[in-house]
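Trainee: Below you'll find the structure I mean.
There are 2 protein chains.
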Amino acid sequence: MLPKGFKVGGICSGLSKKEEKKDLAIFISDVPSSAAGVFTQNVAKAAPVLVDIKRLKTGDKFSGVIANSGCANACTGVKGLEDAEYICSVGENIFELNSGSLLCASTGVIGQYLNISKDAFPEKVKLLRDNVGASLKNEEEAVLAVMTTDTFIKKLEKEVVFKKGKIKIWGCVKGAGMIHPSLRGLHATMLSFILTDAAIESSTLQEILENSADKSFNCVSIDGDTSTNDTVIALANGQSATGKLSKEDLTIFIKAFEELTLELAKSVAKDGEGATKFIEIEIKNAETKKDARLIAATIATSPLFKTAMFGSDANWGRIIAAAGRAGVSFELNKVNIYIGSIHTFKNGFALNFSEEDAKKSLSEKEIKVIVDLSIGNESSKYYTCDFSYGYIRINGDYRS
Amino acid sequence: MLPKGFKVGGICSGLSKKEEKKDLAIFISDVPSSAAGVFTQNVAKAAPVLVDIKRLKTGDKFSGVIANSGCANACTGVKGLEDAEYICSVGENIFELNSGSLLCASTGVIGQYLNISKDAFPEKVKLLRDNVGASLKNEEEAVLAVMTTDTFIKKLEKEVVFKKGKIKIWGCVKGAGMIHPSLRGLHATMLSFILTDAAIESSTLQEILENSADKSFNCVSIDGDTSTNDTVIALANGQSATGKLSKEDLTIFIKAFEELTLELAKSVAKDGEGATKFIEIEIKNAETKKDARLIAATIATSPLFKTAMFGSDANWGRIIAAAGRAGVSFELNKVNIYIGSIHTFKNGFALNFSEEDAKKSLSEKEIKVIVDLSIGNESSKYYTCDFSYGYIRINGDYRS
Numbered sequence: 001m002l003p004k005g006f007k008v009g010g011i012c013s014g015l016s017k018k019e020e021k022k023d024l025a026i027f028i029s030d031v032p033s034s035a036a037g038v039f040t041q042n043v044a045k046a047a048p049v050l051v052d053i054k055r056l057k058t059g060d061k062f063s064g065v066i067a068n069s070g071c072a073n074a075c076t077g078v079k080g081l082e083d084a085e086y087i088c089s090v091g092e093n094i095f096e097l098n099s100g101s102l103l104c105a106s107t108g109v110i111g112q113y114l115n116i117s118k119d120a121f122p123e124k125v126k127l128l129r130d131n132v133g134a135s136l137k138n139e140e141e142a143v144l145a146v147m148t149t150d151t152f153i154k155k156l157e158k159e160v161v162f163k164k165g166k167i168k169i170w171g172c173v174k175g176a177g178m179i180h181p182s183l184r185g186l187h188a189t190m191l192s193f194i195l196t197d198a199a200i201e202s203s204t205l206q207e208i209l210e211n212s213a214d215k216s217f218n219c220v221s222i223d224g225d226t227s228t229n230d231t232v233i234a235l236a237n238g239q240s241a242t243g244k245l246s247k248e249d250l251t252i253f254i255k256a257f258e259e260l261t262l263e264l265a266k267s268v269a270k271d272g273e274g275a276t277k278f279i280e281i282e283i284k285n286a287e288t289k290k291d292a293r294l295i296a297a298t299i300a301t302s303p304l305f306k307t308a309m310f311g312s313d314a315n316w317g318r319i320i321a322a323a324g325r326a327g328v329s330f331e332l333n334k335v336n337i338y339i340g341s342i343h344t345f346k347n348g349f350a351l352n353f354s355e356e357d358a359k360k361s362l363s364e365k366e367i368k369v370i371v372d373l374s375i376g377n378e379s380s381k382y383y384t385c386d387f388s389y390g391y392i393r394i395n396g397d398y399r400s
Numbered sequence: 401m402l403p404k405g406f407k408v409g410g411i412c413s414g415l416s417k418k419e420e421k422k423d424l425a426i427f428i429s430d431v432p433s434s435a436a437g438v439f440t441q442n443v444a445k446a447a448p449v450l451v452d453i454k455r456l457k458t459g460d461k462f463s464g465v466i467a468n469s470g471c472a473n474a475c476t477g478v479k480g481l482e483d484a485e486y487i488c489s490v491g492e493n494i495f496e497l498n499s500g501s502l503l504c505a506s507t508g509v510i511g512q513y514l515n516i517s518k519d520a521f522p523e524k525v526k527l528l529r530d531n532v533g534a535s536l537k538n539e540e541e542a543v544l545a546v547m548t549t550d551t552f553i554k555k556l557e558k559e560v561v562f563k564k565g566k567i568k569i570w571g572c573v574k575g576a577g578m579i580h581p582s583l584r585g586l587h588a589t590m591l592s593f594i595l596t597d598a599a600i601e602s603s604t605l606q607e608i609l610e611n612s613a614d615k616s617f618n619c620v621s622i623d624g625d626t627s628t629n630d631t632v633i634a635l636a637n638g639q640s641a642t643g644k645l646s647k648e649d650l651t652i653f654i655k656a657f658e659e660l661t662l663e664l665a666k667s668v669a670k671d672g673e674g675a676t677k678f679i680e681i682e683i684k685n686a687e688t689k690k691d692a693r694l695i696a697a698t699i700a701t702s703p704l705f706k707t708a709m710f711g712s713d714a715n716w717g718r719i720i721a722a723a724g725r726a727g728v729s730f731e732l733n734k735v736n737i738y739i740g741s742i743h744t745f746k747n748g749f750a751l752n753f754s755e756e757d758a759k760k761s762l763s764e765k766e767i768k769v770i771v772d773l774s775i776g777n778e779s780s781k782y783y784t785c786d787f788s789y790g791y792i793r794i795n796g797d798y799r800s
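Residue numbers (my numbering), protein chains in the order written: chain S, 1 to 400; chain P, 401 to 800.
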């Protein structure tokens, strides 16, 4: 169930040019909300990203997000910006919201204009207005409408109970390819919308979102590629009975918020294009957090590592080779590597292990890889998936 | 034909554990030669790399290189170093060379020990001794013996005629996967041996090799992965009649040397694991050479770009997305993108082009991509291949 005072919906508008594919969604609050956003750092930022950044800079309270799939509205110049502004203004008119109070997001093919005509589009948004609500069906339709190559609905909710009442946090995410987020500026065609009825100022919400994104979406890579459209928007409408949170309660809220974003981020890796396995990579005992993360990201984006995982091959040589090219110095003779349940490499030496056991362990749907550097106290986790024939199939013929 | 005074050969020694696969090669000069080497910068340097670096630091004249395929002798600790030294010393004994005058190189699976026994191995090297020569057959056998997933023999020769005589440069290269060289310390299981009868001091040869590697092998990526074993060794034995080259003649020699390394490097991309297409990426009119190269390398390692090329899809959106995440600032509205014969993106806008023409152009075996940033005068080229089902097949089950 959605947090208090939110409504969502998704319809088929024809924007994706795919008949019967839901492709236009809205996520709105009954009352003006605090808002926060993190966006792609790609130089080629899509029009909706540029519009949102501008709106968040100048406005304070927002009503929601209107989002479409099928067309990224990226690399579309001035017309793209006008189209994004137009979509927002039609939404604001038809949903009777304050001017400038909608944010927007797009995902899909780069370089195409949005298929909107001034005659037909307002009618589509009216249809959307007639199909918003707070039911489970509405939630699913909204999330479906922003999905592209995703294979399952990724949404999640958390409830935190305080003395004066409860706070709900609801989040959804779409994204399966061009996924390598780096929020505070993200990277990846990843869209995530997080709704909460907590009473939080925009500046605090922005801080919470940036910190949590850095520990969640920023630790996911499907293909190392970074999108022009990545967007995570959080809205807090203050409709919960709790009122302003005490410092202590805020800490509890942040914990729940971070758990939600981490689970959403993991679900992106689980639904990676062509993925047959979810992989968690943990670098332990590095000298610095940055080192740990750099090594984790390098392993997570290594095609050789990812194809080995697809092949259920405990090929730790590819892990050490990737770690070794991460640009971080470490001592080979202190390194230990665990793949699944198998200890493969100990203090610089290959261990004998049963290939049969390894194959069995790596045939699981979730695989944990640990690289223990034993030279410090810092650690970092990164999430990815394997690289399969499916990835080639999906991307060898995506646009045409 | 080999340069004057060189002999090479390759045999099946059993080191690769594959029956009938040639896996032990030697490249030697009749007289002690100047030598130069560039090696992987991976933290996890393989034993033969460590041995060569040490030998090149302490010695001046060298007789050749002994190389094996099937086992990388990487992550093998002290025993690995002893094994590499042992291979060199057996070679030196049986070929009656000065102690310390052989270099070595290995390629294959990481983390396994070389399958050498003190009874059997010298016999194998005697067999190698009986099979060296300067014939075309010897050349091919030597190159075959260092190949792993390579699908064709990659060797090349150049001849430069001077007043006093001619100089020959011969080179071979192996490498199809874990290819992303960064020499002056390379990256990639790429081995290349370059033989010349020019009279050049080791220090000059080292400088020539480093510069040429930076413009050739360092501009190739198959998968962005960096090997523990990359090695390029050049030997110059001075047997040409030209004697020491004048400054002017040296410039001519360097030009031929650079042409040879560039062609060898391109042949690596052409034989990339699973490659169906060779792709040249040129970034034009960047502000700095470093910027141009960074963007070129980011595009060349983008799985989304490489799968689009496999699918003959003129998906310039993935090119601009990759360029935009390279960490280089540029102006989108000045960018032009050409894929094959198709101008797809002009000053920030998508151009209409015939999908049929694009498909036809991208179905060629060699594709040229140009990204013109129009903000400076520097350019850079990078070489790669497409990402196909074959890559997944080869690497999803490489080790086992």
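Beta carbons are placed, not taken as given, at the ideal position from N, Cα and C, and that holds for glycine.
Please read these numbers as outputs of a predicted model, since none were measured by experiment.
1) For the segment 219 to 280 of chain S, which segments carrying the beta strand (DSSP E) assignment without a break, of at least 3 residues, lie completely within its bounds, in sequence order?
2) Would you identify the three-state DSSP class for residue 461 (chain P), choosing helix, strand or coil?
3) Given that a residue counts as buried once 16 or more other Cβ atoms are within 10 Å of its Cβ, and exposed if not, what is residue 643 (chain P)?
4) Quick one: using the 10 Å Cβ neighbour count with 16 as the cut-off for buried, is residue 646 (chain P) buried or exposed?
5) May I have the straight-line CA-CA distance separating residue 502 (chain P) from residue 463 (chain P), to the nearest angstrom?
6) For residue 409 (chain P), count the other beta carbons within 10 Å of its own beta carbon; 16 or more makes it buried, fewer makes it exposed. Which is it?
7) Within its chain, find whatever has a CB closer than 8 Å to the CB of residue 404 (chain P); leave out the 5 residues flanking it on each side and keep chain order.
8) Residue 521 (chain P) lies in the alpha helix (DSSP H); which residues open and close that run?
9) Identify the contact partners of residue 219 (chain S) in chain P, using a Cβ-Cβ distance below 7 Å as the criterion.
10) Quick one: what's residue 372 (chain S) bridged to in DSSP?
11) Per DSSP, residue 159 (chain S) is paired with what?
12) I need the DSSP call for residue 93 (chain S), collapsed to helix, strand or coil.
13) Name, please, each residue of chain S whose Cβ falls closer than 9 Å to the Cβ of residue 732 (chain P).
14) Judging by CA-CA distance, which residue of S:190, S:143, S:376, S:206 is the nearest neighbour of residue 2 (chain S)?
15) Measure how close the beta-carbons of residue 661 (chain P) and residue 616 (chain P) come, nearest whole angstrom, since I'm counting them as under 8 Å.
16) Roughly how many angstroms lie between the CA atoms of residue 27 (chain S) and residue 659 (chain P), to the nearest whole one?
17) Output yes or no for whether 7 Å exceeds the beta carbon distance between residue 172 (chain S) and residue 155 (chain S).
18) Using the DSSP secondary-structure output, state which residues sit across from residue 67 (chain S) in a beta bridge.
19) Would you mind stating whether residue 74 (chain S) and residue 105 (chain S) have Cβ atoms separated by less than 7 Å?
20) With 16 other CB atoms within 10 Å as the buried threshold, where does residue 565 (chain P) fall?
21) For a contact defined as C-beta to C-beta under 7 Å, what are the partners of residue 406 (chain P) on chain S?
22) Write down the C-beta distance between residue 456 (chain P) and residue 435 (chain P) rounded to the nearest angstrom, noting that I regard them as a contact closer than 8 Å.
23) Using CA coordinates, which residue listed in P:431, P:468, P:471 is at the minimum distance from residue 460 (chain P)?
24) Identify every run of the alpha helix (DSSP H) within the segment 342 to 373 of chain S, keeping only runs that are complete inside it and at least 4 residues long; order them along the chain.
25) Spell out whether any CB of chain S is found under 7 Å from the CB atom of residue 560 (chain P).
26) Rounded to whole angstroms, how far is the Cβ of residue 684 (chain P) from the Cβ of residue 772 (chain P), which I believe are closer than 8 Å?
27) Would you tell me roughly how many angstroms separate the C-alpha atoms of residue 588 (chain P) and residue 674 (chain P), rounded to the nearest one?
28) Spell out whether any CB of chain S is found under 7 Å from the CB atom of residue 748 (chain P).
29) Does the structure place the segment 363 to 383 of chain S close enough to the segment 281 to 296 of chain S that three or more beta carbon pairs sit under 8 Å?
30) Just curious, the alpha helix (DSSP H) that residue 100 (chain S) is in, first and last residue?
31) Please name the residue, chosen from S:251, S:140, S:267, that lies closest to residue 24 (chain S) on a Cα-to-Cα basis.
32) Output, in chain order, the set of chain P residues within a Cβ distance shorter than 9 Å of residue 110 (chain S).
33) Measuring alpha carbon to alpha carbon, tell me which residue in S:126, S:296, S:192 is nearest residue 264 (chain S).
34) Using DSSP bridges, identify the partner residues of residue 39 (chain S).
35) Is the CB-CB distance between residue 545 (chain P) and residue 417 (chain P) below 7 Å?
Mentor: Reading from the atomic positions:
1) 231 to 236
2) As a first step, residue 461 (chain P) must be located in the second sequence, where it is residue number 61. Strand.
3) The residue you call residue 643 (chain P) lines up with position 243 of the second sequence. Exposed is the call here.
4) Here the question's residue 646 (chain P) lines up with position 246 in the second sequence. Classification for residue 646 (chain P): exposed.
5) Within the second sequence, the letter at position 102 stands for residue 502 (chain P). Within the second sequence, the letter at position 63 stands for residue 463 (chain P). If you take the alpha carbons of residue 502 (chain P) and residue 463 (chain P), they lie about 6 Å apart.
6) In the second sequence, the residue the question calls residue 409 (chain P) occupies position 9. The residue in question, residue 409 (chain P), is buried, as its Cβ has 16 or more Cβ neighbours within 10 Å.
7) Taking the second sequence and counting its residues from 1, the one referred to as residue 404 (chain P) is at position 4. For residue 404 (chain P), where only same-chain residues beyond five positions count, the Cβ hits under 8 Å are 568, 597, 637, 639, 640.
8) Counted from its first residue, the second sequence places residue 521 (chain P) at position 121. Element bounds for residue 521 (chain P): 520 to 529.
9) Counting from 1 along the first sequence, the entry for residue 219 (chain S) is found at position 219. Result: empty, since nearest Cβ-Cβ is about 17 Å, beyond 7 Å.
10) As a first step, residue 372 (chain S) must be located in the first sequence, where it is residue number 372. In the DSSP output, where bridge partners are listed per residue, residue 372 (chain S) has S:284, S:336.
11) Taking the first residue of the first sequence as position 1, residue 159 (chain S) is located at position 159. Answer is S:168.
12) Within the first sequence, numbered from 1, the residue matching residue 93 (chain S) stands at position 93. Helix.
13) Locating residue 732 (chain P) in the second sequence gives position 332, counting from the first residue. Result: 43, 44, 45, 75, 77.
14) Taking the first sequence and counting its residues from 1, the one referred to as residue 2 (chain S) is at position 2. Selected option, being the one with the closest Cα: S:143.
15) The count along the second sequence starts at 1 and reaches residue 661 (chain P) at position 261. The count along the second sequence starts at 1 and reaches residue 616 (chain P) at position 216. Residue 661 (chain P) to residue 616 (chain P), Cβ: 4 Å. Contact.
16) Here residue 27 (chain S) corresponds to residue number 27 of the first sequence, with the count starting at 1. Here residue 659 (chain P) corresponds to residue number 259 of the second sequence, with the count starting at 1. Each residue's CA atom was taken as its position, placing residue 27 (chain S) and residue 659 (chain P) some 59 Å apart.
17) What you label residue 172 (chain S) is simply residue 172 of the first sequence in a count that begins at 1. What you label residue 155 (chain S) is simply residue 155 of the first sequence in a count that begins at 1. The answer is yes: Cβ separation under 7 Å.
18) One-based indexing of the first sequence puts residue 67 (chain S) at position 67. Within the DSSP secondary-structure output, residue 67 (chain S) pairs in a beta bridge with S:25, S:105.
19) Working through the first sequence from its first residue, we reach residue 74 (chain S) at position 74. Working through the first sequence from its first residue, we reach residue 105 (chain S) at position 105. No.
20) Numbered from 1 along the second sequence, position 165 holds the residue referred to as residue 565 (chain P). Per the 10 Å Cβ criterion, exposed.
21) Within the second sequence, residue 406 (chain P) is the residue found at index 6, counting from 1. Ordered by position in chain S, no residue passes the 7 Å Cβ test against residue 406 (chain P), which lies about 32 Å from the chain.
22) For the purposes of this step, residue 456 (chain P) is taken as the residue at position 56 of the second sequence. For the purposes of this step, residue 435 (chain P) is taken as the residue at position 35 of the second sequence. Confirmed, Cβ separation roughly 6 Å.
23) Counted from its first residue, the second sequence places residue 460 (chain P) at position 60. The residue with the shortest Cα to Cα distance from residue 460 (chain P) is P:431.
24) Correct list: 355 to 362.
25) As a first step, residue 560 (chain P) is located in the second sequence; it is residue number 160 there, counting from the start. Not closer than 7 Å to any Cβ of chain S, the Cβ of residue 560 (chain P) fails to qualify, so no.
26) Mapped onto the second sequence, residue 684 (chain P) falls at position 284. Mapped onto the second sequence, residue 772 (chain P) falls at position 372. Their Cβ separation, rounded to whole angstroms, is 4 Å, which keeps residue 684 (chain P) and residue 772 (chain P) in contact under 8 Å.
27) Here residue 588 (chain P) refers to the residue found at position 188 of the second sequence. Here residue 674 (chain P) refers to the residue found at position 274 of the second sequence. Confidence at residue 588 (chain P) is low in this model, with a pLDDT of 41, below 50, so the placement of that residue is unreliable and no value is reported for it.
28) Locating residue 748 (chain P) in the second sequence gives position 348, counting from the first residue. Residue 748 (chain P) counts as touching chain S.
29) Cβ pair count under 8 Å is three or more, so yes.
30) For the purposes of this step, residue 100 (chain S) is identified with residue 100 of the first sequence, where counting begins at 1. Unbroken run through residue 100 (chain S): none, as it is neither H nor E.
31) Here residue 24 (chain S) refers to the residue found at position 24 of the first sequence. For the set S:251, S:140, S:267, the Cα lying nearest the Cα of residue 24 (chain S) is the one of S:140.
32) For the purposes of this step, residue 110 (chain S) is taken as the residue at position 110 of the first sequence. The answer, in chain order, is 715, 716, 717, 718, 720, 721, 750.
33) Reading the first sequence from its first residue, position 264 is the one you call residue 264 (chain S). When only C-alpha atoms are compared, the closest one is S:192.
34) Residue numbering aside, residue 39 (chain S) sits at position 39 when the first sequence is read from its first letter. Note: residue 39 (chain S) sits in a beta bridge opposite S:231.
35) The count along the second sequence starts at 1 and reaches residue 545 (chain P) at position 145. The count along the second sequence starts at 1 and reaches residue 417 (chain P) at position 17. Contact flag unset, no.
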